[in-house]
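All remarks here apply to the structure that follows.
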Amino acid sequence: MKAKEVPQEESVLEGNRRACYAQDESGRYVVVPSKGWEVEKVINDQAHVAIDRPVEAARRSVIAGEASPLLYHMLRCQMSAGLLAATVGIWGWRVKRHLKPAPFASLNDEMLSRYADALGMSVAELKTVPSYPPHESVAGKER
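Mapping of the sequence shown onto my numbering: residues 242 to 384, in sequence order.
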C-alpha cells in the first residue's frame, strides 16, 4: 500500500492514531499514522456482539437461578473454565461445578477470594450480576 492510500477514516481508535507500514514515493517502507478504517469498526462491532451474546445469556441464567454469578463473570472476562481453573490453581472440574448455584453458594471465603482475584474484582462484585444489560452492543451504536 502506498503512504497516500493508508486509511484515514474514523474507527474504533476514537481519535487516536495507529502506526501502519506503507511505501513512500521511492518504494521504501515507512511508518504512516492512520486514524483507522471503517471496515475495521464494523468487524469490531460484530465481534463485540458475538462476545456479548453468551455473556448476556449467562446473566439471564444467573438471574433465573440456573447458574452461579461465576459463569457470568468468567464469560465477561472472556475466560473458559479451563483458563479460570489454571489461573486460580484448581482442577477444571471444580470450576465447572462452581458454575452451578448451590456449589457456588457453599464456597468458603478463601476460594471466593481466589476467584475474585483471578477475575480482577472484589468478592462482593463476584457474588452479584447486573440486573440489566450493562451496555448496548448493537453494531453501529456506542458500547
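Glycine included, C-beta positions come from ideal geometry on N, C-alpha and C. This one's a predicted model, so the numbers in the text were calculated from it and none came from an experiment.
Determine the DSSP secondary structure at residue i, reduced to helix, strand or coil.
| i | result |
| --- | --- |
| G277 | strand |
| Q264 | strand |
| Q319 | coil |
| K282 | helix |
| K243 | strand |
| E383 | Confidence is the limiting factor: at E383 the pLDDT is only 42, short of 50, which leaves the residue's position unreliable and the question unanswerable from this model. |
Go ahead and label residue i buried or exposed: buried means 16 or more other beta carbons lie within 10 angstroms of its beta carbon, across all protein chains shown.
| i | result |
| --- | --- |
| A291 | exposed |
| W332 | exposed |
| W278 | buried |
| R218 | Examination of residue 218 is not possible in this model, given that the chain is present from 242 through 384 alone. |
| M242 | exposed |
With a threshold of 7 Å (Cβ to nearest heavy atom), would residue i be considered close to the ligand COA?
| i | result |
| --- | --- |
| I304 | In the structure on display, the ligand COA does not appear, and there are no ligands present to speak of. |
In terms of DSSP beta bridges, what is residue i paired with?
| i | result |
| --- | --- |
| V370 | Bridge partners of V370: none, in fact. |
| V271 | A263 |
Please name the residue in the options whose C-alpha comes closest to that of residue i.
| i | options | result |
| --- | --- | --- |
| E251 | V336, A343 and V283 | V283 |
| E366 | R317, V253 and V273 | R317 |
With a threshold of 8 Å on Cβ separation, who are the neighbours of residue i within its own chain once the five nearest residues in sequence on each side are excluded?
| i | result |
| --- | --- |
| T369 | P310 |
Keeping to the same chain, check which residues put their C-beta closer than 7 Å to that of residue i; ignore five residues upstream and five downstream.
| i | result |
| --- | --- |
| S275 | V247, P248, Q249, R258, R259 and C261 |
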